[in-house]
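Count along the sequence shown from 1, then add 15; that gives the number in the numbering used here.
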Amino acid sequence: MEISDNKILYTNYLKTKKSDSTIPLEVFKIDTSKIVENKNEIETSQIIENTNKTVNNYQPIEVTNYIYENRKRGTDKNALVSYWFRNNAPVDWEISKHLEVGSRGYEWCYQMENATFENVYEDAKEFEEFVAKWIEKGYSEAEALERASFYAVAGVLDYGKQKAYPIPNLDYDDKKEHGFHLIDNPPLKKAFLETLDSLDLNSVSLLVFDMFPSGQNEVSSSFQELLNQYGVKLEDLKKQNSSEEESKFTFTGNININEQMSLDYQNFIFDTLIGFFKDKINSLDKYMADNPQNPVEQLNTLKSAYDILIENFKKNTKEYNETKNILNQYLK
């Protein structure tokens with residue numbers, strides 16, 4: 016607001032003042048009749064009042080399940096989520112300040128630093144529901160997000176453009192060109208999901224990163240390369256044991272199945288995959304035997320995870336065959 020001065024009072028004082036007189040207090044009082052309203056200032060005042068009201072009612076609350084609880088309670092959708100990032104990943108937060116612009120890590124950190132409660136799970140409804148499910152089971156949000164990131168690495172959980180947690184070895188914005196996105200084998204995918212759901216967080220990470228290891232080729236082709244290597248190994252074994260009865264099928268490394276394949280060939284793929292997983296366990300046993308000085312706890316944990324996967328896969332292939340046989344009988 017603009018306040019007018021008391022010119023008349025001051026002028027009269029100058030005309031009548033004595034040398035030792037003092038200025039009357041009235042000169043300094045605001046003449047309310049002369050107040051001129053400033054429209055812009057009133058609008059600003061209203062904005063401040065409205066903002067304070069929003070902050071008082073909808074400011075993010077600091078809780079363990081920070082994103083989950085704040086989205087449930089309707090926290091201001093434009094509020095930044097970065098508090099969670101700073102407090103739950105302080106090392107990553109500091110590293111983000113020194114990452115090369117345009118790099119994968121920089122993009123993830125940029126998105127997480129600028130995420131709001133409205134877009135933190137952008138195009139990632141399945142991812143958000145997964146996190147909520149595990150929180151409701153009693154896990155913390157940090158544990159649920161980390162588990163979700165491992166499922167996403169394996170390609171069994173779409174992560175869209177979520178900005179709540181970085182997905183290891185993968186770019187921001189899910190292109191669905193990795194892991195099980197490249198594998199069309201329903202019994203295997205179902206068995207893999209059942210296995211992950213039954214494992215603790217450490218076991219999940221060990222199994223996922225052993226099947227889909229990172230490296231120059233990233234997770235998009237790593238599992239396929241392991242299968243190709245296993246295929247070569249099988250062919251070498253055939254040559255070394257030429258006297259044994261030869262299989263009527265040859266494993267090419269392709270584990271996808273479809274309706275055009277015979278059930279016999281599909282079962283050949285299933286049996287080959289079981290052999291592949293058993294071979295992984297044997298490799299771990301050999302490594303531990305050759306390196307007795309190394310800790311074995313994590314390796315034994317990984318072996319147990321593969322054992323569970325094998326049993327789940329056997330169960331699912333049995334159910335798959337039963338369904339196919341019933342269908343074939345019906346179609347005859």
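We treat Cβ as the ideally placed atom computed from N, Cα and C, and that holds for glycine.
### Supposed close pair G170, D138 - CB separation, criterion 8 Å
In the sequence shown, residue 170 corresponds to position 155, counting from 1. In the sequence shown, residue 138 corresponds to position 123, counting from 1. About 16 Å separates the two Cβ atoms, so there is no contact after all.
### Test item: CB-CB of L288 and L299 under 8 Å
To locate residue 288, count along the sequence shown from 1; it is residue 273. To locate residue 299, count along the sequence shown from 1; it is residue 284. Their beta carbons are not under 8 Å apart, which means L288 does not touch L299 by this criterion.
### Query
If we count the other Cβ atoms within 10 Å of its Cβ and call it buried at 16 or more, is L346 buried or exposed?
Indexing the sequence shown from 1 puts residue 346 at position 331. Exposed, since its Cβ has fewer than 16 Cβ neighbours within 10 Å.
### Message
On the CB-based measure, 16 or more other CB atoms within 10 Å of its CB, does N232 come out buried or exposed?
### Response
By one-based count along the sequence shown, residue 232 stands at place 217. Any answer about N232 is weak, because its pLDDT of 42 lies below 50 and its placement is not dependable; what the coordinates show is given next. That one is exposed.
#### Entry: Beta-carbon proximity of A159 to V146, cut-off 8 Å
On the sequence shown, position 144 is the one that residue 159 refers to. On the sequence shown, position 131 is the one that residue 146 refers to. Yes, they are a contact pair.
### Query
Looking only at its own chain, which residues have a Cβ that is under 6 Å from the Cβ of S111, when we skip the five neighbours before and after it?
Here residue 111 refers to the residue found at position 96 when the sequence shown is read from its first residue. Here the set comprises C124.
### Query
Terminal residues of the continuous alpha helix (DSSP H) containing G290?
One-based indexing of the sequence shown puts residue 290 at position 275. Looking at the DSSP string, the run of the alpha helix (DSSP H) that includes G290 is 278-305.
### Pairwise C-alpha distance: D251 and E156
Residue mapping note: residue 156 aligns to position 141 of the sequence shown, counting from 1. Residue mapping note: residue 251 aligns to position 236 of the sequence shown, counting from 1. Rounded to whole angstroms, E156 to D251 spans 48 Å at the Cα level.
#### Entry: Within 8 Å, strictly: CB atoms of A94 and Y136
Within the sequence shown, numbered from 1, the residue matching residue 94 stands at position 79. Within the sequence shown, numbered from 1, the residue matching residue 136 stands at position 121. Cβ distance not < 8 Å, so A94 and Y136 don't count as in contact.
#### Entry: DSSP-derived helix/strand/coil call for K263
Mapped onto the sequence shown, residue 263 falls at position 248. Coil.
#### Entry: Backbone CA spacing between E161 and F142 [nearest angstrom]
Against the sequence shown, residue 161 aligns to sequence position 146. Against the sequence shown, residue 142 aligns to sequence position 127. Roughly 11 Å separates the two Cα atoms.
### Query
Apart from the five residues on each side of it in sequence, which residues of its chain come closer than 8 Å, Cβ to Cβ, to S60?
For the purposes of this step, residue 60 is taken as residue 45 along the sequence shown, with counting starting at 1. Note that S60 scores a pLDDT of 41, beneath 50, so its modelled location is shaky; the value from the coordinates is reported in the next line. Correct list: empty, nothing qualifies.
#### Entry: Per DSSP, cross-strand counterpart(s) of E137
Taking the sequence shown and counting its residues from 1, the one referred to as residue 137 is at position 122. K176, per the DSSP bridge assignment.
### Query
Would you report the Cα separation of T332 and F292, rounded to the nearest angstrom?
Mapped onto the sequence shown, residue 332 falls at position 317. Mapped onto the sequence shown, residue 292 falls at position 277. Looking at the two C-alpha atoms, the distance is approximately 15 Å.
### Query
Is it the case that the Cβ atoms of N271 and I198 are separated by a distance below 8 Å?
As a working note, residue 271 is residue 256 in the sequence shown. As a working note, residue 198 is residue 183 in the sequence shown. It is a contact, given that the beta carbons lie within the stated cut-off.
### Task
Let me know the secondary structure DSSP gives T90 once reduced to three states.
Residue 90 sits at position 75 when you count from the first residue of the sequence shown. The answer is coil: DSSP assigns T90 none of H, G, I, E or B.
### Query
Enumerated in chain order, which unbroken segments of the alpha helix (DSSP H) with a length of 4 residues or greater are wholly contained in the segment 142-211?
156-168
### Query
Going by the beta-carbon positions, is the gap between L216 and L222 smaller than 8 Å?
Position 201 of the sequence shown holds residue 216. Position 207 of the sequence shown holds residue 222. Contact: no.
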